[in-house]
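There are 2 protein chains.
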Amino acid sequence: MAEIIDGKKIASEIKEEVKSEIEKLKSKGITVGLAAVLVGEDPPSQVYIGMKSKACQKVEIYSEVLKFPQQTPESELLSQIDVLNKRPDIHGILVQLPLPFHIKEDKMIQRIDPKKDVDGFHPFNVGMMVVGKPIFLPCTPFGIQQLLTRSGNDPSGKHVVILGRGNIVGRPLSILLSQKAPGANATVTLCHTKTDNMSELTKKADILVAAMGKPKFVTKDMVKKDAVVIDVGVNRIEDPQSKKGYRLVGDVDFESVKEIAKSITPVPGGVGPMTVAMLLCNTLKAAKLQTKISVL
Amino acid sequence: MAEIIDGKKIASEIKEEVKSEIEKLKSKGITVGLAAVLVGEDPPSQVYIGMKSKACQKVEIYSEVLKFPQQTPESELLSQIDVLNKRPDIHGILVQLPLPFHIKEDKMIQRIDPKKDVDGFHPFNVGMMVVGKPIFLPCTPFGIQQLLTRSGNDPSGKHVVILGRGNIVGRPLSILLSQKAPGANATVTLCHTKTDNMSELTKKADILVAAMGKPKFVTKDMVKKDAVVIDVGVNRIEDPQSKKGYRLVGDVDFESVKEIAKSITPVPGGVGPMTVAMLLCNTLKAAKLQTKISVL
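These protein sequence lines map, in sequence, to chains A and B.
Position one of the first sequence corresponds to residue 36 (this note's numbering), numbered consecutively onward.
Position one of the second sequence corresponds to residue 36 (this note's numbering), numbered consecutively onward.
This is the structure in structure tokens:
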């Protein structure tokens, strides 16, 4: 039976590390600041923003949420980003996605000063990761890398098979784990909807990452014995027995796969908590870079 | 016996297409311009710059080579790039690599206006390729994609195995061919020096790309029957029978592999000519973007 990789615990450890760094900065008179831009009333976005603010509070990062009505013109949002780019008390800026249809996500992200782009979504930062000189790594891939290394499953020399080529997780993770760098150095195969004979490939994986957003897609017969399985999926499925009427399941059929895997992440409590922890890490790093104080 | 993919011929076709576009621009009063920055006396760099200038001449792109002595300070080179960024007659800028040790390549490349970065090396352009909104694709990966599609070997749905994760070829090619886009949509495995059981993976490849710079590394026993083999290697090996004392060989053992492959690129005459052809394409594209004239 697989060992369960406890994302909540590992995320807490990281947050403790961040907190102690933040305190050192405070003792030098620097309060780390993060600003989030939220447009419209999308309920999940409001939940995510709430989680991020709460996480900031716990580690003593000052956080500010700029809320704008659904109909706010793009030009106004762009000017607000300009203001945040200039504010010395704000070290990190994030734009909560998705945005209303009339606003171009690309344009918003590209307007953020790359030095404050703590989500790691600006093409400049994406490019710096590709060429092996990362500044801010995108939070979920960064979190998966930390989950692996901190749970004793260093990807170096392993064959990692990633299902899903999205820009938030699958694709950047494939780039990150194949780098010539500590915590990386894996041989990576990136699979997607156009992949033929997918299970032939998944069965070769020492580390299998499911990030395509299909509930319970990965079943036991697709997994090699003693593989490490990382489940990035967060899918709502109907559940009349739950008070909310639904429950969350991953992209992996946890119950069957845990019988064959060496280690596996649960949903919830696996990758999810890591994303917010890495956002805090990136915000801390941004503050250090901008204030040129190295306390590590 | 494998069909030989004739890179020289395909490159000529592309150059003809570029030429006809350039002529259309000329008829509207626009001369496309490319500037190359060459520092020091590195003999291969001089050969490459010569080839690029000649290729420009053939398609009627105005080209200018700015030559600087080996000891030129970095700051002077950076100011020269600033000047080129501002010149309206120069649509594309490239810095010939490698540079002398006292000059930081990154800093030079990042100084080029991304709109003029026809090598596609600026992190912003690398990032735009990653997120699926490419402006300038790096020339060699772009050329390999063209070689594949124009020789009837579209990578869509195929398993592409790439050997070598360098920033010039292997890594960007892995990103390019796995995109959800025409001429891409492949399942891609990126292998490198840390890859275990490499030949087990190479034998799974429908398309195998060798880009690690090891003479004749890929042998017949590593290749699946009827695979397409792309050889990016350009290695000098001693050859007393040659007038120069050496000859060029690829990363693939051509003589043995051609017995089993469906199609194969020779060295020289395969990938090599494509790189320069794609540089011309990128320069044409840069001119169109900057002059906002669409003639396609």
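Every residue gets a Cβ at the ideal spot worked out from N, C-alpha and C, and that includes glycine.
- Your pair A/Val269 and A/Gly218 does not check out as a contact, with CB atoms roughly 24 Å apart and the cut at 8 Å.
- Cβ neighbours of B/Pro207 within its own chain (closer than 6 Å, five residues either side excluded): Pro173 and Pro176.
- Taken through DSSP and simplified to helix, strand or coil, B/Gly304 comes out as coil.
- Residue-level contact by beta carbon holds for B/Asn160 and chain A, with a gap shorter than 8 Å.
- With a 10 Å radius around the Cβ and a threshold of 16 neighbouring Cβ atoms, A/Gly192 comes out exposed.
- Between A/Ile116 and A/Ile125, the C-beta gap is not smaller than 8 Å, which leaves the two residues out of contact.
- B/Leu243 sits in a strand when the DSSP states are folded into three classes.
- Annotation: the continuous beta strand (DSSP E) that includes A/Val100 extends over Tyr97 to Phe103.
- Along the length of the segment 229-274 of chain A, whole beta strand (DSSP E) runs at least 3 residues long occupy 242-245, 263-266 and 270-273, reported in chain order.
- Each residue's CA atom was taken as its position, placing B/Gln131 and A/Ser62 some 48 Å apart.
- For A/Thr224, the enclosing beta strand (DSSP E) covers residues Thr222 to Cys226.
- B/Leu69 is bridged by DSSP to B/Ser98 and B/Gly127.
- Cβ contact annotation for B/Val100 (same chain, cutoff 7 Å, sequence separation greater than five): Ala71, Leu73, Ile84 and Ser88, in chain order.
- Excluding five sequence positions before and after B/Cys316, the CB atoms of its chain that fall closer than 7 Å to its own CB belong to Ile49 and Val53, given in chain order.
- For A/Ile197, the enclosing beta strand (DSSP E) covers residues His194 to Leu198.
- Cβ-Cβ separation between B/Ile197 and B/Ala246: approximately 7 Å, consistent with a contact (criterion under 8 Å).
- Residue range Cys174 to Arg185 is occupied by the alpha helix (DSSP H) that includes A/Leu182.
- Distances from the alpha-carbon of A/Gly167 to those of A/Leu182, A/Ser213, A/Pro149 and A/Phe156 put A/Ser213 closest.
- With a contact defined as Cβ atoms closer than 8 Å, A/Gln106 and A/Met309 miss out at about 35 Å.
- Our two residues, B/Arg271 and B/Ile65, have alpha carbons roughly 41 Å apart in a direct line.
- According to the DSSP assignment, A/Leu283 belongs to the beta strand (DSSP E) that extends over Tyr281 to Val284.
- For the C-beta of A/Met163, the chain B residues within less than 7 Å are, from N- to C-terminus, Pro158.
- Going by C-alpha positions, A/Lys278 is about 16 Å away from A/Val284.
- In this structure, the beta-carbon distance from B/Lys215 to A/Arg200 falls below 8 Å.
- For B/Asn202, no alpha helix (DSSP H) run applies, since DSSP gives it neither H nor E.
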